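K.L.:
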Ligand code: SF4
């Protein structure tokens with residue numbers, strides 16, 4: 098089986114108010130040594146039999162902050178250590194980019210380096226919402242960025258929006274969705290704001306205050322309505338809804354991210370990057386300075402190894418696989434686990450029947466899937482199913 102490669106670049110220009118990822122705002126002087134460490138990690142960790150990779154995803158953080166030459170070196174290092182599969186489908190090589198970091202020169206350099214997909218963190222087309230969220234770009238930057246990317250030759254752009262940002266109204270939300278549809282990226286992601294209690298916005302929500310607009314966050318029902326209206330608009334506009342938060346024009350689903358939901362192997366490189374080989378998960382050291390020190394000293398940055406028990410692996414099949422609108426093949430799961438976990442399977446079968454009669458799940462032959470207009474309560478459905 099082919100693998101996906103994820104490269105983590107944990108640097109940002111500022112910290113968005115809602116974000117609590119392990120990313121840092123650091124001096125640009127630290128970018129180059131970091132990229133060098135990732136190149137060394139690629140060379141040291143690649144299997145001697147040279148595995149085959151068919152997707153690469155450079156995420157963060159804000160990897161578009163890096164010098165394009167550093168990105169090119171990391172991709173060259175991958176080509177030197179992995180067989181890169183380009184048949185039957187072309188290799189998918191994605192870069193996450195923030196609109197204000199994109200220039201025409203960078204876009205051309207990215208294409209030349211072998212990147213062919215950009216995931217653009219638009220989040221909103223409303224300047225007040227962007228400013229309150231601590232984003233560095235404004236609406237005009239999104240249009241400018243797309244012009245640069247299209248001009249350079251990118252034919253596969255993904256764009257994210259967040260439903261539920263402070264100050265968002267029904268009107269501003271619908272305008273953001275309309276503007277996204279006008280641009281017509283090949284792929285779109287719609288996330289419902291989840292407030293991490295340790296983010297600045299989360300702390301303000303708990304302790305009070307007015308700096309980050311916590312009091313201006315729409316309520317949960319309104320956020321669910323925003324998601325639902327976007328779902329219908331994207332469906333009408335010809336986007337295929339294939340995962341709770343993701344839509345693609347035909348043939349433009351994210352092949353890299355599909356590996357996560359299908360529980361296929363992927364290797365994470367860089368500080369805090371996660372990996373999965375089919376049975377065991379692990380993560381690299383989170384702090385970039387510690388990660389670099391490990392690589393320079395020749396010691397492994399890998400930690401937090403967790404080999405899944407059969408029960409964990411079975412439950413994962415459900416809460417990861419059911420995120421896909423195509424659902425899961427319950428007959429296959431039964432065949433694989435009936436000898437080892439018959440009681441758990443019986444309990445799951447009962448829960449599926451109950452959730453089906455309540456209208457949350459649908460069963461079509463051996464396929465089980467979430468009902469499309471109940472996706473906003475998917476977390477509750479997963480808890481009922483696996484509880
Ligand atoms: S750019 Fe992304 S990773 Fe960086 S702070 Fe904002 S949301 Fe977090």
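Residue numbers (this note's numbering): 98 to 484. Glycine residues also receive a C-beta, built at the ideal position from the N, C-alpha and C atoms. Only a predicted model underlies this, so the values are computations on that prediction, with no experimental measurement involved.
Three-state secondary structure (DSSP) at residue 211?
P.N.:
As a working mapping, residue 211 is identified with position 114 in the chain shown. If DSSP states are grouped into helix, strand and coil, residue 211 belongs with coil.
K.L.:
Any idea what DSSP makes of residue 393, helix, strand or coil?
P.N.:
In the chain shown, the residue the question calls residue 393 occupies position 296. Helix.
K.L.:
Let me check you understand the geometry: is the CB of residue 158 closer than 6 Å to at least one non-hydrogen atom of the ligand SF4?
P.N.:
If you number the chain shown from 1, residue 158 lands on position 61. Yes - the ligand SF4 has a heavy atom lying nearer than 6 Å to the Cβ of residue 158.
K.L.:
When you compare each of 353, 433, 327, 389 to residue 268 by their alpha carbons, which one comes out closest?
P.N.:
Counted from its first residue, the chain shown places residue 268 at position 171. Nearest option by C-alpha distance: 327.
K.L.:
Please report how far the alpha carbon of residue 275 lies from the alpha carbon of residue 222, in whole angstroms.
P.N.:
For the purposes of this step, residue 275 is taken as the residue at position 178 of the chain shown. For the purposes of this step, residue 222 is taken as the residue at position 125 of the chain shown. Their Cα atoms are separated by approximately 10 Å.
K.L.:
Would you mind sorting residue 114 into buried or exposed? The rule is 16 or more other CB atoms within 10 Å of its CB.
P.N.:
Position 17 of the chain shown holds residue 114. Classification for residue 114: buried.
K.L.:
Could you name the residues that DSSP lists as bridge partners for residue 388?
P.N.:
Within the chain shown, numbered from 1, the residue matching residue 388 stands at position 291. Answer is none; residue 388 lacks a bridge partner.
K.L.:
For residue 447 and residue 440, what's the separation of their Cα atoms in angstroms?
P.N.:
For the purposes of this step, residue 447 is taken as residue 350 along the chain shown, with counting starting at 1. For the purposes of this step, residue 440 is taken as residue 343 along the chain shown, with counting starting at 1. So the alpha carbons of these two residues sit roughly 11 Å apart.
K.L.:
From 309, 289, 286, 331, pick the residue whose C-alpha is nearest to that of residue 297; which is it?
P.N.:
Here residue 297 refers to the residue found at position 200 of the chain shown. Residue 297 has its Cα closest to that of 309, out of 309, 289, 286, 331.
K.L.:
To the nearest whole angstrom, what separates the beta carbons of residue 416 and residue 483, a pair I think is in contact under 8 Å?
P.N.:
Walking along the chain shown from the start, residue 416 turns up at place 319. Walking along the chain shown from the start, residue 483 turns up at place 386. With a Cβ gap of about 6 Å, residue 416 and residue 483 count as contacting.
K.L.:
Flag this pair as touching only if the stretch 333-344 and the stretch 360-379 have three or more C-beta atom pairs under 8 Å; answer yes or no.
P.N.:
no
K.L.:
Tell me whether residue 499 counts as near the ligand SF4, meaning its Cβ is closer than 6 Å to at least one heavy atom of that ligand.
P.N.:
Past the edges of the chain, shown from 98 to 484, lies residue 499, and the structure says nothing about it.
K.L.:
Heavy atom of the ligand SF4 less than 6 Å from the Cβ of residue 416, yes or no?
P.N.:
The count along the chain shown starts at 1 and reaches residue 416 at position 319. Incorrect: residue 416 has no Cβ contact closer than 6 Å to the ligand SF4.
K.L.:
Within the continuous alpha helix (DSSP H) that includes residue 184, where are the two ends?
P.N.:
Position 87 of the chain shown holds residue 184. Neither: residue 184 is in no alpha helix (DSSP H) and is coded neither H nor E.
K.L.:
Taking all protein chains shown into account, do 16 or more other C-beta atoms lie within 10 angstroms of the C-beta of residue 171, making it buried, or fewer, making it exposed?
P.N.:
For the purposes of this step, residue 171 is identified with residue 74 of the chain shown, where counting begins at 1. That one is buried.
K.L.:
Can you check which of these residues, 479, 194, 220, is closest to residue 421 by C-alpha distance?
P.N.:
On the chain shown, residue 421 is found 324 positions in, with the first residue counted as 1. The shortest Cα separation from residue 421 among 479, 194, 220 belongs to 479.
K.L.:
Taking the beta strand (DSSP E) that residue 483 falls in, what are its first and last residues?
P.N.:
The residue labelled residue 483 in the question sits at position 386 within the chain shown. Segment 475-483 is the alpha helix (DSSP H) holding residue 483; no beta strand (DSSP E) there.
K.L.:
Any heavy atom of the ligand SF4 within a distance shorter than 6 Å of the CB on residue 203?
P.N.:
Within the chain shown, numbered from 1, the residue matching residue 203 stands at position 106. No; taking the cut-off as 6 Å, the Cβ of residue 203 has no heavy atom of the ligand SF4 nearer than that.
K.L.:
Which term fits residue 111, buried or exposed, when burial requires 16 or more other beta carbons within 10 angstroms of its beta carbon?
P.N.:
Here residue 111 refers to the residue found at position 14 when the chain shown is read from its first residue. By the neighbour-count rule (16 or more Cβ atoms within 10 Å), residue 111 is not buried but exposed.
K.L.:
Rounding to the nearest angstrom, what Cα-Cα distance links residue 463 and residue 143 in this structure?
P.N.:
Locating residue 463 in the chain shown gives position 366, counting from the first residue. Locating residue 143 in the chain shown gives position 46, counting from the first residue. Going from the Cα of residue 463 to the Cα of residue 143 covers about 38 Å.
K.L.:
With three or more beta-carbon pairs closer than 8 Å as the criterion, would you say the stretch 231-238 touches the stretch 183-198?
P.N.:
yes
K.L.:
Using the three-state DSSP reduction, which class does residue 265 fall into: helix, strand or coil?
P.N.:
As a first step, residue 265 must be located in the chain shown, where it is residue number 168. In the three-state scheme derived from DSSP, where H, G and I count as helix and E and B as strand, residue 265 is classed as coil.
K.L.:
Assign residue 236 to one of three DSSP states: helix, strand, or coil.
P.N.:
Counting from 1 along the chain shown, the entry for residue 236 is found at position 139. Residue 236 falls in the helix class under three-state DSSP.
K.L.:
Give the single residue among 120, 100, 139 whose Cα lies nearest to the Cα of residue 189.
P.N.:
Along the chain shown, read from residue 1 onward, the residue named residue 189 stands at position 92. Measuring from the Cα of residue 189, the nearest candidate turns out to be 100.
K.L.:
So, do the stretch 133-140 and the stretch 399-406 have three or more beta carbon pairs nearer to each other than 8 Å?
P.N.:
no
K.L.:
Measure from the alpha carbon of residue 159 to the alpha carbon of each residue in 186, 177, 128, then state which is nearest.
P.N.:
The residue labelled residue 159 in the question sits at position 62 within the chain shown. The option with the nearest alpha carbon to residue 159 is 128.
K.L.:
For residue 436, is the classification buried or exposed, using 16 other Cβ atoms within 10 angstroms of its Cβ as the cut-off for buried?
P.N.:
Start at 1 with the first residue of the chain shown, and residue 436 comes out as number 339. A residue is called buried once 16 or more other Cβ atoms fall within 10 Å of its Cβ, and residue 436, having fewer, is exposed.
K.L.:
What I want to know is whether the C-beta of residue 108 ends up closer than 6 Å to one or more non-hydrogen atoms of the ligand SF4.
P.N.:
Within the chain shown, residue 108 is the residue found at index 11, counting from 1. No; taking the cut-off as 6 Å, the Cβ of residue 108 has no heavy atom of the ligand SF4 nearer than that.
K.L.:
Whole-angstrom Cβ separation of residue 311 and residue 264, contact assumed at under 8 Å?
P.N.:
Your numbering for residue 311 matches position 214 in the chain shown. Your numbering for residue 264 matches position 167 in the chain shown. Between residue 311 and residue 264 the beta-carbon gap is near 11 Å, outside 8 Å, which marks them as no contact.
K.L.:
Are there 16 or more other CB atoms within 10 angstroms of the CB of residue 348, so buried, or fewer, so exposed?
P.N.:
Here residue 348 refers to the residue found at position 251 when the chain shown is read from its first residue. Residue 348 comes out exposed.
K.L.:
Hey, residue 104 and residue 179 are a contact pair by Cβ (cut 8 Å); roughly how many whole angstroms apart?
P.N.:
Position 7 of the chain shown, counting from 1, holds the residue named residue 104. Position 82 of the chain shown, counting from 1, holds the residue named residue 179. At roughly 12 Å, the Cβ-Cβ gap does not stay under 8 Å, so residue 104 and residue 179 are not in contact.
K.L.:
Leaving aside the five residues before and after residue 473 along the sequence, list all residues of the same chain whose C-beta is less than 6 Å from its C-beta, in chain order.
P.N.:
For this step, residue 473 is matched to residue 376 along the chain shown. Once the five neighbours on either side are set aside, the close Cβ partners of residue 473 are 321, 324.
K.L.:
Can the beta-carbon of residue 368 be found less than 7 Å from the beta-carbon of residue 388?
P.N.:
Numbered from its first residue, the chain shown carries residue 368 at position 271. Numbered from its first residue, the chain shown carries residue 388 at position 291. Going by C-beta atoms, residue 368 is nearer than 7 Å to residue 388.
K.L.:
Once the 5 residues before and after residue 229 are set aside, which same chain residues still bring their CB inside 8 Å of it?
P.N.:
On the chain shown, residue 229 is found 132 positions in, with the first residue counted as 1. Answer for residue 229: 114, 262, 263, 264, 309, 310, 313, listed in chain order.
K.L.:
Can you grab the Cα-Cα spacing for the pair residue 208 / residue 357, in whole Å?
P.N.:
Taking the chain shown and counting its residues from 1, one reaches residue 208 at position 111. Taking the chain shown and counting its residues from 1, one reaches residue 357 at position 260. If I take the Cα positions, the gap works out to 25 Å.
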